[in-house]
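In my numbering, the protein residues as written are 761 to 1210.
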């Protein structure tokens, strides 16, 4: 059951060719950071193309609770009147981050070095996710956390009144952990240094520089070393949010497996730390091309054209690519089901602690649809049946996970029998127009909110 409303069962069935233009929403990662950095800046930050899904709207409400003026001007246009670094006020109520691990962890970082106290909660899925990976490094600044057993929400953070700078080696590849530490470092004196052995999405570093922070990134024998000078005066910016590559994954993958399809997905952010799925799909033999490549707001952008690809084949996805496509493995596993041979995905233990255990959720649903899946703690292998050979006919558990729900809706568009999910309501957290957008391309989905 979703924390945002009544369960919405959904069913997807085989359809004719998917054709047309899929204008997916703004990038979720950049939308979160635009609101948070806008709130920490001096002046008014203006944002266009903001993703208006539940996750980002929860972050907007949180920034208001900490004292920023956040205004919705309609049509994805928003403004944030910031309070400056160290200017957060103590919120009067509990900060509810809904389903968003990104939102809660980044907000915790942003407040951790200000001498205020805040309590965080979320839906059932978020309250089951580990927060120690963020609160442990925040404790090094002097922040104290009091949560449920196992370091889970609801949790109260007592910010450091006299923070100290930190040098921190990120133990697992995680943009959320890295970003939380960098945001905390903004209000600490001196240099805060974050070292990541494997590069993760770098939106925080790019955007901090854009807002005027003094930040340096260097590749060394230790890994990627990020050095931030504390207590800058961030300057308000004008931000055009590119369209979300993680959302683009769904119409792109659907087009590859539905006969006769030809779908254009315009204006997609192709930051190299986010584009691993598209590289993998091309290696599998996908007819996927980049058109009108350009740069917008410091981020590489292109229009993606995806056409039906009947001769997909399995590949080994290198573990080093995992961080650049961690949210896309569920829908990749669906494409793998329609490929010939085995697709091996390794170095993916992070999938076990996302909104759900995504390996377990996808493996169970794929097996129920007639697909062979082998798995371990840090890997899984999907043995594809080839185009037109996947039986389907199953109802999968979405487990309060938007990407699980959407992945199975894509699957049902090309299976022999319809595929259902028990609850599609979590889709609104990241892709509120998923149902009507896919219907406009020709998909047959029952139960979505058009």
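C-beta: ideal position from N, C-alpha, C; glycine also.
Check                                                                                                                : Outcome
Residue 815 burial status per 10 Å Cβ neighbour count (16 or more: buried)                                           : buried
Cβ contact check for the segment 1180-1191 and the segment 1152-1170: 3 or more pairs under 8 Å                      : yes
CA-to-CA distance, residue 954 to residue 901, given in whole angstroms                                              : 13 Å
From 1086, 1115 and 1114, residue whose alpha carbon lies closest to that of residue 1107                            : 1086
First through last residue of the alpha helix (DSSP H) which encompasses residue 793                                 : 788-799
Enclosing beta strand (DSSP E) for residue 770 [first to last residue]                                               : 770-773
Sufficient close CB pairs (3 or more, under 8 Å) joining the segment 980-994 to the segment 903-912                  : no
Burial state of residue 859 (16 or more Cβ within 10 Å)                                                              : buried
Residues that residue 1177 bridges to, as DSSP identifies them                                                       : 1152
Every unbroken beta strand (DSSP E) inside the segment 872-941 [3 residues or more]                                  : 877-881, 904-908, 912-918 and 927-930
Residue 1003 beta carbon less than 8 Å from that of residue 785                                                      : yes
CB-CB length for residue 842 against residue 800, believed under 8 Å                                                 : 6 Å
Residue 976, buried or exposed, once every other Cβ within 10 Å from all chains shown has been counted against 16    : exposed
Per-residue burial, residue 1158 [other beta carbons within 10 Å of its own, 16 or more giving buried]               : buried
Sequence-distant residues of the same chain with beta carbon closer than 7 Å to residue 1058, five excluded per side : 966 and 970
6 Å Cβ shell around residue 1031 - same chain, five flanking residues per side excluded                              : 1059
Inter-stretch contact (C-beta, 8 Å, three-pair minimum) for the segment 1149-1157 and the segment 1191-1206          : no
Inter-residue spacing [alpha-carbon to alpha-carbon] between residue 772 and residue 1109                            : 29 Å
Inter-stretch contact at 8 Å, needing at least 3 Cβ pairs: the segment 991-1002 / the segment 1038-1048              : no
Rounded distance between the beta-carbons of residue 888 and residue 949, thought under 8 Å                          : Rounded, the Cβ-Cβ distance is 36 Å, inconsistent with contact.
Enclosing beta strand (DSSP E) for residue 1288 [first to last residue]                                              : In the structure as shown, the chain begins at 761 and stops at 1210. Residue 1288 is therefore absent and cannot be evaluated.
Nearest residue (CA-CA) to residue 886, options 908, 1167, 829 and 1088                                              : 908
Whole-angstrom C-beta distance between residue 952 and residue 925, which should lie under 8 Å                       : 5 Å
Residue range of the beta strand (DSSP E) that includes residue 1102                                                 : 1100-1106
Simplified DSSP state of residue 1000, which is helix, strand or coil                                                : strand
With 16 other Cβ atoms within 10 Å as the buried cut-off, status of residue 1115                                     : buried
Exposure label - residue 861; buried when at least 16 CB within 10 Å                                                 : buried
The segment 1130-1142 contacting the segment 847-858, beta-carbon criterion three pairs below 8 Å                    : no
Nearest to residue 1183 (by Cα), restricted to the options 1167, 818 and 1014                                        : 1167
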